[in-house]
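A.B. asks: This note's numbering runs 297 ahead of the 1-based position in the sequence shown. Ideal placement from N, C-alpha and C gives every residue a C-beta, glycine not left out. Computed from a predicted model, the values in this text were never measured in an experiment.
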Amino acid sequence: MTDSQAAAPTALDPRPALASAIVDTLVHRIGKDAQAARPHDWLAATILTLRNEIIERWMESTKAAHAAGAKRVYYLSLEFLIGRLLRDALSNLRHNDEVAAALASLGVDLAAIEEIEPDAALGNGGLGRLAACFMESLASLDLPAYGYGIRYVNGMFRQRLDDGWQVELPENWLAHGNPWEFERRESAYFVGFGGEVTATTSGQVHWSPIEAVEAVAVDTPMVGWRGKRVNTLRLWNARAFDPIKLDRFNAGDFEGALAGQMRAETLTRVLYPNDSTPAGQELRLRQEYFFSSASIQDIVRRHLQYFGDIRTLPEKAAIQLNDTHPAVAVAELMRLLTDFHELSFDEAWEITRATFGYTNHTLLPEALESWPLPLFERLLPRHMQIVYAINARLLREASKVDGIDGNAIAAISLIDEGGERRVRMANLAFAGSHSVNGVAALHTELMKKTVFADLHRLYPDRINNKTNGITPRRWLQQCNPGLTGLLVEAIGEDFKDDAARLTALAPFANDSSFRERFAMVKRSNKVTLSTYIKDSMGLTLDPDAIFDVQIKRIHEYKRQLLGIVEAVALYDQIRSHPERNWTPRVKLFAGKAASSYHTAKLVIKLANDVAKRINADPAVGDLLKVAFVPNYNVSLAEKIIPAADLSEQISTAGMEASGTGNMKFALNGALTIGTLDGANIEIKDHVGDDNIFIFGLTADEVAEKRASGYRGRQVIEGSRELAQAVNAIASGVFSPDDPDRYKGLMDGLYEHDWFMLAADFDAYAAAQREVDAKFGDTAAWGRSAVINVANMGWFSSDRTIGEYAKQIWGVM
Ligand code: CBF
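Written out as structure tokens, the structure reads:
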């Protein structure tokens, strides 16, 4: 397809009138003239003008799906990390140049206003960003779909570093309003909590909640590539039914009069409240039920409106549970089918199972949600009954299968009976779905062998793999226009419509003049990033150094600590052997730690302490620089990834389900240094062993070591480099103001080393020296970088969504 086949002209045309359309919007919608307008006004006016076209396409998409009686996909996710939307929409509608020119004619810089758009951070990390990539791919593949989630008033916190310590500040993405969203007051649902359940003699069950809130839909259009389709992201807002109790207000009890509204608003106030307190846990379960219930009611309402018969739900609706957060939706659909539509339990169960699919995103025990049974029962008494009924049926089925013994029954049960009784949401999601998928090949195999081993024995056909993907629109075309332009020159436009066509680039890996231009694009991206870091952090970077990047949530299993300890060891080596031909290196870290995760916060502080000392040491100069870039979010990732040479994907093998950052870096021509974990394995298979640096223990070896009672001490004492680095950190070399600050952290490596940092250290350091050598060989590095780009098309989320669509949802 060529540009002339881009989005057909509609509301924005005739194009020369675009500038006056924007001014008209500014005057009539924002209430300002061009002289008085501030940058935020221009941003809103631009979005509102562009939105006119989007709305028309949105309506067409909805009508077409209706006319065709199409099956719809419903993606339920507690997180949608959508980031900024203007550049995404402009680029997908191919209006970048016209809008930039129109704004320029008004003296407004498009890039500058794009930069002030708030980063919608309605998610924590990979799972939420995946949901955003999936929404974009669903629209790009022209599949009718709705995303359902929560409209958090404060998304993921803003991270500030105070003397290297993380400080969490509220993220106020709605401060200037949100021109993308549409409140749908008519799509509002009653969501109840607590109370009691009664049954009539005829068996009719009635739940009378003691408390209720109204869930009100707020819709955001999700524009697909070339504007082919526009789907809906429907986020729920909570409202009290009775926002103000006038009698109490008039009696002078102002707080009491507004308490209901406050309580309702708390539900959608903040993303993932700190759930370490009982009050926080309860809020989290309330959030999960709130959005699941509203979404299921909305899906059932739409189905009945369009198709009339609830029994045909699985033919017309595929509901995907993004992890266990919406798992209570299984019980909610059962409740609606049995209590309101009067289906038998068996029939309701058939329909439910045929409608739901469940994606598991982690095997970490702390992320496999379970709720204390008394809490679940108190908040959701009817659902508790349904969970018991499902469990009885499940355990009956299990007891008929050969080889399923008492232990297996206990593991399959929806109720964890070991210690405090808890409701297991992963088991509920598994039992209530016809498909259960993992997000990378290794992760899926480990699901079968570990957490779901017994459920897998019971339902051997249910678990399947769908390796994650990323949208190449945002993660190549939008974030890296330089590379995109070069690719178009080399292989034409086809790859924009089908990322698999990137393979056409492979022969260019051997073309030295192409490699030179490729290197120039990378260098220019590095200069841009260096300017950003200079402006925001005051640190000067050498764009000719290797940019070695680890950006992701801070977690022990992701092993930022391994990267830091290796930086300390390298620092030591450079000082001890200044005569060696060191490859200049910039080590960049960024990421947020959960507010209650003290070790992760200490790792951030350590990275900053190490950076402070190394960056000030004239003995290393430009040979080594370390920076922890604050407030990691989608927009920052869009700046850093195109500038990276080396992508750090160094999790303890078996612990990262997939990773998606790994895909974004490789697509932008960075080489990966990584373990055989998650999707790194499939990246290695696609780019080839010579174009990736793999090191360390395998998942099986990690499991064996743990089982054999491994401790880090012996390894540390046997590795001079590691021992020196660990001892320097432990003894306060990097924390002279508080010499014991990292003693406990380092003692942990000696005593248990659960994450195998010591065990993998030497292999990691050796791989880094291979990196140095290869980076020094410009031709070899360039060849590998080009081969990476050429082979990353498979990791497009279009491929992933295509697999879900065909194999799980039956919509392709
Ligand atoms: O599947 C998407 C991502 O999800 C996580 O971020 C998660 O929250 N469980 C995993 O940790 C990632 O490995 C995975 O890529």
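Taking just the CA atoms, how far does His-852 sit from Glu-945?
C.D. replies: Using only the alpha carbons, I get a separation of about 14 Å.
A.B. asks: What are the partner residues of His-503, as DSSP defines its beta bridges?
C.D. replies: In DSSP, His-503 forms a bridge with Thr-495.
A.B. asks: Report the partner residues of Phe-844 according to the DSSP bridge assignment.
C.D. replies: Answer by DSSP bridge pairing, in chain order: Val-883.
A.B. asks: Does the separation of the CB atoms of Ala-348 and Trp-522 fall below 7 Å?
C.D. replies: Note on residue identity: the sequence assigns Arg, not Ala, to residue 348. No. Outside cutoff.
A.B. asks: Which parts of the region 950–995 are runs of the alpha helix (DSSP H), unbroken and 4 residues or longer, counting only runs that do not cross its ends?
C.D. replies: Counting only runs of 4 or more, we get 958–964 and 977–984.
A.B. asks: Let me check you understand the geometry: is the CB of His-895 closer than 6 Å to at least one non-hydrogen atom of the ligand CBF?
C.D. replies: No; taking the cut-off as 6 Å, the Cβ of His-895 has no heavy atom of the ligand CBF nearer than that.
A.B. asks: Please determine whether the Cβ atom of Leu-427 lies at a distance below 6 Å from any heavy atom of the ligand CBF.
C.D. replies: Checking the Cβ of Leu-427 against the ligand CBF gives yes.
A.B. asks: Kindly indicate which three-state DSSP category Arg-1066 falls into: helix, strand or coil?
C.D. replies: If DSSP states are grouped into helix, strand and coil, Arg-1066 belongs with the helices.
A.B. asks: Since I believe Gly-491 is in contact with Glu-508 (beta carbons under 8 Å), could you give me their beta-carbon distance rounded to a whole number of angstroms?
C.D. replies: That belief holds up - the Cβ atoms of Glu-508 and Gly-491 are roughly 5 Å apart, short of 8 Å.
A.B. asks: Out of Phe-727, Thr-768, Ala-737 and Asp-758, state which residue places its alpha-carbon closest to the alpha-carbon of Val-748.
C.D. replies: Here the closest residue by C-alpha is Phe-727.
A.B. asks: Kindly provide the ranges of any alpha helix (DSSP H) runs that are 4 or more residues long and lie completely inside the region 632–678, ordered along the chain.
C.D. replies: Counting only runs of 4 or more, we get 642–652 and 670–676.
A.B. asks: Just reading off the alpha helix (DSSP H) that Phe-551 is part of, what are its end residues?
C.D. replies: 551–564 is the extent of the alpha helix (DSSP H) around Phe-551.
A.B. asks: From what residue to what residue does the beta strand (DSSP E) around Tyr-372 run?
C.D. replies: That run of the beta strand (DSSP E) goes 369–373.
A.B. asks: Which residue's Cα is closest to the Cα of Ser-484: Arg-877, Ile-596 and Glu-395?
C.D. replies: Answer by Cα proximity: Ile-596.
A.B. asks: Is the beta carbon of Ala-954 within less than 6 Å of some heavy atom of the ligand ADP?
C.D. replies: Looking at this structure, you won't find the ligand ADP anywhere; what it does contain is the ligand CBF.
A.B. asks: Is it buried or exposed, Ser-1094, if we count other Cβ atoms within 10 angstroms and call 16 or more buried?
C.D. replies: Under this definition Ser-1094 is a buried residue.
A.B. asks: Check whether the Cβ atoms of Ile-1098 and Ser-732 sit closer than 7 Å, and answer yes or no.
C.D. replies: Taking 7 Å as the Cβ cut-off, Ile-1098 and Ser-732 do not qualify as a contacting pair.
A.B. asks: Output the boundary residues of the alpha helix (DSSP H) element that contains Ala-1110.
C.D. replies: Past the boundaries of the shown model lies residue 1110; the chain is included only from 298 to 1109, so the question cannot be answered.
A.B. asks: Pick from Gly-1015, Ala-916, Asp-942 and Val-900: whose alpha carbon is nearest that of Phe-925?
C.D. replies: Phe-925 has its Cα closest to that of Val-900, out of Gly-1015, Ala-916, Asp-942 and Val-900.
A.B. asks: Quick one: is the Cβ of Val-736 within less than 6 Å of any heavy atom of the ligand CBF?
C.D. replies: At least one heavy atom of the ligand CBF is nearer than 6 Å to the Cβ of Val-736, so yes.
A.B. asks: Could I get the ranges of all uninterrupted beta strand (DSSP E) runs contained in the region 731–814, with 3 residues as the minimum, in chain order?
C.D. replies: Runs found: 732–735 and 760–762.
A.B. asks: Measure the beta-carbon distance from Val-527 to Ile-351 and round it to whole angstroms, keeping in mind my assumption that it falls under 8 Å.
C.D. replies: Yes, Val-527 and Ile-351 are in contact; Cβ-Cβ is about 6 Å, under 8 Å.
A.B. asks: So who's on the other strand from Met-519, going by DSSP bridges?
C.D. replies: Bridge partners of Met-519: Asn-528.
A.B. asks: Cα-Cα, which of Thr-896, Tyr-868 and Ser-589 is closest to Lys-922?
C.D. replies: Considering only alpha carbons, the answer is Tyr-868.
A.B. asks: Let me check understanding here. Comparing Cα to Cα, which of Leu-435, Leu-471 and Val-627 lies closest to Glu-414?
C.D. replies: Closest by alpha carbon: Leu-471.
A.B. asks: Who are the Cβ neighbours of Asp-636 in its own chain at under 6 Å, not counting the five residues just before and after it?
C.D. replies: Once the five neighbours on either side are set aside, the close Cβ partners of Asp-636 are Val-502.
A.B. asks: Decide yes or no for the touch test of the region 406–425 against the region 315–335: beta carbon pairs closer than 8 Å, at least 3 of them.
C.D. replies: Not touching, per the Cβ criterion.
A.B. asks: Per DSSP, Leu-1146 is paired with what?
C.D. replies: The requested residue 1146 is not part of the displayed model; the chain covers only 298 to 1109.
A.B. asks: Who pairs with Ile-712 in a beta bridge, going by DSSP?
C.D. replies: Val-720.
A.B. asks: Go through its chain and collect everything with a Cβ distance to Met-298's Cβ below 6 Å, but skip five positions before and after it.
C.D. replies: Because the pLDDT of Met-298 is 35, which lies under 50, any placement of that residue in the model is unreliable, and the question is left without a value.
A.B. asks: Please determine, among Asn-965, Gly-971, Arg-877 and Arg-820, the residue with the shortest C-alpha to C-alpha distance to Tyr-854.
C.D. replies: When each option's Cα is compared against that of Tyr-854, the closest is Gly-971.
A.B. asks: Buried or exposed: His-392, going by 16 or more other Cβ atoms within 10 Å of its Cβ?
C.D. replies: Result: buried.
A.B. asks: Excluding the five sequence neighbours on either side, which residues of its own chain have a C-beta within less than 6 Å of the C-beta of Ala-1087, listed in chain order?
C.D. replies: Once the five neighbours on either side are set aside, the close Cβ partners of Ala-1087 are Leu-799, Thr-800, Leu-802 and Ala-803.
A.B. asks: Rounding to the nearest angstrom, what Cα-Cα distance links Ser-590 and Lys-902 in this structure?
C.D. replies: Rounded to whole angstroms, Ser-590 to Lys-902 spans 41 Å at the Cα level.
A.B. asks: Against chain C, with Cβ distances strictly below 7 Å, would Thr-635 count as a contact?
C.D. replies: The structure shown has no chain C; it contains just one protein chain.
A.B. asks: Could you tell me if Glu-953 is buried or exposed, where buried requires 16 or more neighbouring beta carbons within 10 angstroms of its beta carbon?
C.D. replies: It is buried - the Cβ of Glu-953 has at least 16 other Cβ atoms within 10 Å.
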